[in-house]
Amino acid sequence: MRNTLDVAKYLLGKELVHIIEKQITSGLIVEVEAYIGPGDSASHAYQGKRTPRTRIQYEIGGKAYVYQIYGLHYCFNVVTQKEDLPEVVLVRALQPLQGVEIMEKRRSFKNNNRFELTNGPGKLCQAMAIDKSCYGVDLCGSKLYIREAKVKIPKHIAVSKRINIEYARNAKNFPWRFYLKNNLYVSKP
DNA sequence: ACATGGATGCTT
DNA sequence: AGCATCCATGTC
1 MRNTLDVAKY LLGKELVHII EKQITSGLIV EVEAYIGPGD SASHAYQGKR
51 TPRTRIQYEI GGKAYVYQIY GLHYCFNVVT QKEDLPEVVL VRALQPLQGV
101 EIMEKRRSFK NNNRFELTNG PGKLCQAMAI DKSCYGVDLC GSKLYIREAK
151 VKIPKHIAVS KRINIEYARN AKNFPWRFYL KNNLYVSKP
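Counting from 1, one number per residue, gives the positions in the first sequence under the UniProt record's numbering.
Listed below in structure tokens is the structure:
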């Protein structure tokens, strides 16, 4: 079985697809972070915390963990492990592929830099219309799913510490952020 | 550098 | 019940 750090790296270059009433949007995953359960003080499941929000993290891998943050934005994660092992990969940035105009409309995107359409966890959820209704969705299904991309992009993986977890005492410097080197759609730290 | 924003999960 | 927190973003 793959550990979550391997899954995180594996997901880079894969295509995330969301189909809503024949409106297709998709993008290549170019930036991710791993959140590794009970021992990770940055994880929502730190110390085995079970709440209505984290429930899905304890189910079998391959499902969507979506949560709202700051009352404003959603974040999309992939549950990665077997039952009762709450580990996830947060998707932080996409390289838009299909339905760019739909995404721009959802984001009220005007004269902005095209690299800023989906270069952040909240931005990509808005662009892909991922919200609470996607909580727990099977990512091997046919509505919101991840697949091997037909388009291939360079897969040189860079590593860094995770973003915006200064509160996470011991875990804040863990090198669990992975992104594609030189890819312009990666978020700006 | 700062306001925004509300669900979430703590503590009483 | 009340309250501090937060895996951002956009605009200042």
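Virtual Cβ for every residue (Gly too), placed ideally from N, Cα, C.
Predicted model only: the values in this text are computed from it and were never measured.
In the DSSP assignment, what are the bridge partners of Arg2? Here the question's residue 2 lines up with position 2 in the first sequence. BP columns for Arg2 are empty, so no partner.
Inside the region 53-140 only - beta strand (DSSP E) runs reaching at least 3 residues: For the region 53-140, whole beta strand (DSSP E) runs of length 3 or above, ordered along the chain, are 64-69, 73-79, 87-98.
Could you name the residues of the same chain whose beta carbon sits closer than 8 Å to that of Gln47, not counting the 5 residues immediately before and after it, in chain order? Here the question's residue 47 lines up with position 47 in the first sequence. Contacts found: Pro38.
If you follow the beta strand (DSSP E) that Ser43 is part of, which residue opens it and which one closes it? Here the question's residue 43 lines up with position 43 in the first sequence. Ser43 -> no beta strand (DSSP E), and no H or E assigned at all.
Under the rule that 16 or more other beta-carbon atoms within 10 Å means buried, what is Ser26, buried or exposed? Taking the first sequence and counting its residues from 1, the one referred to as residue 26 is at position 26. Buried, since its Cβ has 16 or more Cβ neighbours within 10 Å.
Residues in the same chain with beta-carbon distance under 7 Å from Ile56, minus the five sequence neighbours each way, listed in chain order, please. Position 56 of the first sequence holds residue 56. Excluding sequence neighbours, Ile56 sits near Lys63, Tyr65, Val79, Tyr135, Gly136.
Sorted by chain position, which residues of the same chain lie with C-beta nearer than 8 Å to Leu180's C-beta, five sequence neighbours on each side aside? If you number the first sequence from 1, residue 180 lands on position 180. Closer than 8 Å at Cβ, skipping near neighbours: Leu12, Gly13, Val30, Glu31, Ile153, Pro154, Lys155, His156, Ile157, Ala158, Val186.
Return yes when the Cβ of Trp176 is within less than 8 Å of the Cβ of Ala34, no when it is not. Locating residue 34 in the first sequence gives position 34, counting from the first residue. Locating residue 176 in the first sequence gives position 176, counting from the first residue. In contact: Ala34 and Trp176 (Cβ atoms closer than 8 Å).
Cβ neighbour criterion (16 or more within 10 Å) applied to Asp84: Looking up residue 84 in the first sequence gives position 84. Looking at its Cβ environment, which holds fewer than 16 other Cβ atoms inside 10 Å, Asp84 is exposed.
Buried or exposed by the 16-neighbour rule on C-beta atoms within 10 Å, applied to Gln125: In the first sequence, counting from the first residue as 1, residue 125 sits at position 125. Position check: residue 125 holds Cys in this sequence, whereas Gln was assumed. Buried, by the Cβ-count rule.
Per DSSP, what are the beta-bridge partners of His18 in this structure? Working through the first sequence from its first residue, we reach residue 18 at position 18. In the DSSP output, where bridge partners are listed per residue, His18 has Thr25, Leu144.
Let me know if Ile130 comes out buried or exposed under the rule of 16 or more other beta-carbons within 10 Å of its beta-carbon. Residue 130 sits at position 130 when you count from the first residue of the first sequence. Counting of Cβ neighbours within 10 angstroms places Ile130 among the buried residues, the total reaching 16 or more.
Going by DSSP in three states, Ala34 sits in which element: helix, strand or coil? The residue labelled residue 34 in the question sits at position 34 within the first sequence. Strand.
In angstroms with no decimal places, state the Cα-to-Cα distance between Glu21 and Thr51. Counted from its first residue, the first sequence places residue 21 at position 21. Counted from its first residue, the first sequence places residue 51 at position 51. Each residue's Cα considered, the two are about 32 Å apart.
Mind checking residue 191: buried by the 16 CB within 10 Å criterion, or exposed? Because residue 191 is not part of the residues shown, which for the chain are 1 to 189, the question remains open.
How is the beta strand (DSSP E) around Arg162 delimited, first residue to last? By 1-based counting over the first sequence, the position of residue 162 is 162. In the DSSP assignment, Arg162 falls outside any beta strand (DSSP E), carrying neither H nor E.
Find the nearest neighbour of Ala8 within the set Tyr67, Lys132, Leu90, judged by alpha-carbon distance. For the purposes of this step, residue 8 is taken as the residue at position 8 of the first sequence. Residue Leu90 holds the alpha-carbon nearest to the alpha-carbon of Ala8 among Tyr67, Lys132, Leu90.
When Glu15, Thr4, Tyr10, Leu5 are compared against Glu148, the one with the closest alpha-carbon: On the first sequence, position 148 is the one that residue 148 refers to. When only C-alpha atoms are compared, the closest one is Glu15.
Per the DSSP calculation, Arg177 is bridged to which residue(s)? As a working mapping, residue 177 is identified with position 177 in the first sequence. Answer is Glu33, Ser160.
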